[in-house]
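Heads up, the thing below is written out as structure tokens.
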Amino acid sequence: MIKFTNVFKTYAKGGLALKDVSFHIAKGEFAFLTGHSGAGKSTVLKLVYADERPTSGAVRVSGFTVADLPPRDVPHLRRRLGIVFQDFRLLEDRTAEENVAFALEVTGARRSAIPARVMRVLTQVGLAAKAGAYPRELSGGEQQRVAIARALVNEPQVLLADEPTGNLDERATRGVFQLLRDINASGTAVVMATHDLEMVRSAPYRVIELQEGAVVYDSAVDEPTAGDAQA
Amino acid sequence: MTLTVREALLAFRRAPLLSALSVTTIAFSLFVLGLFGLVAVNLRQALRGVAERVEIVAYLLPGTPIETVLLGEQDIEAFPEVASAAHISEDSALARARRELVEFRDLLRELERNPLPASIEVKLKPGYQDATNVNAVAERLRGFGFVDDVRFGRDWVEKLDKLRRLAAAVGVVVGAAFATVAVIIIGTTIRMAVLQRSREIAIMRLVGATDGFIRRPFLLQGALKGLLGGLVAIGLSYAAYALINRFLIESSFFTVTQALGIVVFGTVIGLMGSLLSVGRHLRRV
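Residue numbers (the numbering used here), protein chains in the order written: chain A, 196 to 426; chain B, 77 to 361.
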């Protein structure tokens, strides 16, 4: 599903971002990516959705090889992923419903099928009643739910979440995390970057910890019996 | 396709102020170009009017038989440069002098003998009314045995030539400068529209939109802005023309083709500007 093999990443001005990173995330798995800010969590995710290319090593994501992926194929890779960010990245001038529908429209989905699919995911994230609301009329937790609905509407194999609860209060954090667990329970792999250790400890999922660009701990490798059963 | 149209139109609705501003900017830069075009069109017309008066007069030897003159006239009319050749007899020359030179009417009436020679007045076709051709025709006219003398305003024709060349050079240089300014302003305007939506473009890419999908609404929007700007510019130019016509001097407006040319120019620049700025933006992010 997602396979990093001896990946190095150097930024033109930022120095070494990833050092010899290798891991494999299987279909349907839930994995936390932890570490301090700047440890390389976001770089790992960017390599997965081909926003960055590895300097050396191999990144394979559901059949695509990121290193030599032609730019015209990047959109096709991204349609197999759902991506959620700390800052939601919703279009302010579109309603929740339009934001979600937008992700379907860009993929050229059949127009008649769009409203039903949009309502289904909005119901799934518990926001069907606020479909017509603009982002500014929603709380942070609700905006993140819209973003998750948008990520889900294309039925991705993997949901990538970069600090999805970073901007949320405790209650909203719990709600969003539960939503991600439910999504994983229905078969979608989830890779969640976070530095919320309490949340990491609260769930029996795989943990990959990065420090200064290197993997220093991977529960699937270091403690294969503890927690994660699907790896 | 319908999605492209919808997104392009939505962009007008979502950012009405910026859209109106772009159309206005495009309109005014094309209007300036249009004003210059009006000046150029009218100047050219005026020069053409002056050039039409370029005339070569071949004075005939007294006593040339009328048959010879008429044959010669036919020969001259067959010159490729010549539009018309008209024979003016001694009598009609005098009649014309009496009519036109009112101050000398008494003097002319008292003449016992007509001092005016017969002549052939030669007009040249448009495109041949320059010094080189005038000289060439004059030279050939001198070759006729019955021609006594050939006159044309040599200085005047040469000055006209110079004026025409100057007008053409100024027209090309200033026109190109105005067109360049229009292109730059329109390009910047379109670029602003792209930058204003860079967040949206980034999000579109994250959810898997292809570059073509992202580009199309911008292209349509750019072309529409150029089209609207062009139409407004023609409207403004017409208003300016009407005012000038009414209060300053009589002048002429663009032909339909010229007016369409300005609108098409605006549309193409809008399209190209969008293509360039969106392309650059997509390559960079």
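Ideal Cβ placement from N, Cα and C applies to all residues, glycine included.
Only a predicted model underlies this, so the values are computations on that prediction, with no experimental measurement involved.
Counting along the chain, where does the alpha helix (DSSP H) carrying residue i start and finish?
i              : result
residue 297(A) : 291-300
residue 284(B) : Premise fails: residue 284(B) is in no alpha helix (DSSP H) and is neither H nor E.
residue 113(B) : 92-127
residue 208(B) : 207-218
residue 149(B) : 142-153
residue 350(A) : From DSSP, residue 350(A) is part of no alpha helix (DSSP H); its letter is neither H nor E.
residue 370(A) : 365-380
residue 316(A) : 309-319
residue 398(A) : Segment: none, residue 398(A) is in no alpha helix (DSSP H) and carries neither H nor E.
residue 416(A) : 414-417
residue 238(A) : 236-243
residue 182(B) : 181-185
residue 273(A) : 269-273
For residue i, count neighbouring C-beta atoms within 10 Å of its own C-beta (all shown protein chains included) and say buried if the count is 16 or more, exposed if not.
i              : result
residue 424(A) : Here the model assigns residue 424(A) a pLDDT of 47, short of 50, so the residue's position is not dependable and the matter cannot be decided.
residue 235(B) : exposed
residue 303(A) : exposed
residue 290(A) : buried
residue 227(A) : buried
residue 308(A) : exposed
residue 400(A) : buried
residue 256(B) : exposed
residue 381(A) : exposed
residue 195(B) : buried
residue 222(A) : exposed
residue 331(B) : exposed
residue 353(B) : buried
residue 285(B) : buried
residue 294(A) : buried
residue 323(B) : exposed
With C-beta atoms as the reference, is residue i less than 9 Å away from residue j?
i              : j              : result
residue 295(B) : residue 358(B) : no
residue 209(B) : residue 230(B) : no
residue 252(A) : residue 262(A) : yes
residue 344(A) : residue 313(A) : yes
residue 122(B) : residue 223(B) : no
residue 313(B) : residue 170(B) : no
residue 132(B) : residue 198(B) : yes
residue 130(B) : residue 200(B) : yes
residue 290(B) : residue 349(B) : no
residue 274(A) : residue 379(A) : no
residue 197(A) : residue 255(A) : yes
residue 327(A) : residue 292(A) : yes
residue 359(A) : residue 342(A) : yes
residue 309(B) : residue 339(B) : yes
residue 470(A) : residue 408(A) : Because chain A in this structure spans residues 196 to 426, residue 470(A) falls outside the shown range and cannot be described.
residue 111(B) : residue 316(B) : yes
residue 180(A) : residue 244(A) : With chain A covering only 196 through 426, there is no way to say anything about residue 180(A).
residue 159(B) : residue 269(B) : no
residue 305(B) : residue 100(B) : yes
residue 311(B) : residue 346(B) : no
residue 329(B) : residue 106(B) : no
Per DSSP, residue i forms a beta bridge with which residues?
i              : result
residue 406(A) : 409(A)
residue 331(A) : Its beta-bridge partners do not exist; DSSP assigns none.
residue 330(B) : Residue 330(B) pairs with nothing; no bridge assigned.
residue 259(A) : 256(A)
residue 251(A) : 203(A)
residue 163(B) : 196(B)
residue 227(B) : 133(B)
residue 355(A) : 278(A), 386(A)
residue 158(B) : 200(B)
Along the beta strand (DSSP E) that carries residue i, what are the first and last residues, could you check?
i              : result
residue 390(A) : First-last for residue 390(A): undefined, no H or E at that position.
residue 203(A) : 197-206
residue 214(A) : 210-220
residue 199(B) : 195-200
residue 225(A) : 225-229
residue 278(A) : 276-280
Any residues in the segment 249-271 of chain B with a beta carbon nearer than 9 Å to a beta carbon of chain A? Which ones, in chain order? Under the 9 Å Cβ criterion, the segment 249-271 of chain B contributes no residue.
Positions along the segment 273-299 of chain B whose CB lies within less than 7 Å of some CB in chain A: Contact annotation: in the segment 273-299 of chain B, residues whose CB is within less than 7 Å of a CB in chain A are 276, 279, 280, 282, 283, 284, 285, 286, 289.
Could you run through the segment 87-105 of chain B and flag, in chain order, every residue whose CB is less than 8 Å away from some CB of chain A? Hits within the stretch, in order: 90.
What residues in the segment 275-288 of chain A have a beta carbon less than 7 Å from any beta carbon of chain B? Going along the segment 275-288 of chain A in chain order, one finds 278, 284, 286, 288 with a Cβ nearer than 7 Å to chain B.
Taking Cβ-Cβ distances below 7 Å as the criterion, which residues of the segment 299-316 of chain A are in contact with chain B? If you check each beta-carbon in the segment 299-316 of chain A against every beta-carbon of chain B, the ones closer than 7 Å belong to 300, 301, 302.
In the segment 249-273 of chain A, which residues sit with their C-beta less than 9 Å from some C-beta in chain B, listed in chain order? For the segment 249-273 of chain A, which is checked against every Cβ of chain B, the residues closer than 9 Å are 266, 267, 269, 270, 271, 272, 273.
Closer than 8 Å between beta carbons: that is the criterion. Which residues of the segment 392-413 of chain A meet it against chain B? From the segment 392-413 of chain A, no residue has a Cβ closer than 8 Å to chain B.
Residues in the segment 333-345 of chain A having any Cβ partner in chain B nearer than 8 Å: If you check each beta-carbon in the segment 333-345 of chain A against every beta-carbon of chain B, the ones closer than 8 Å belong to 345.
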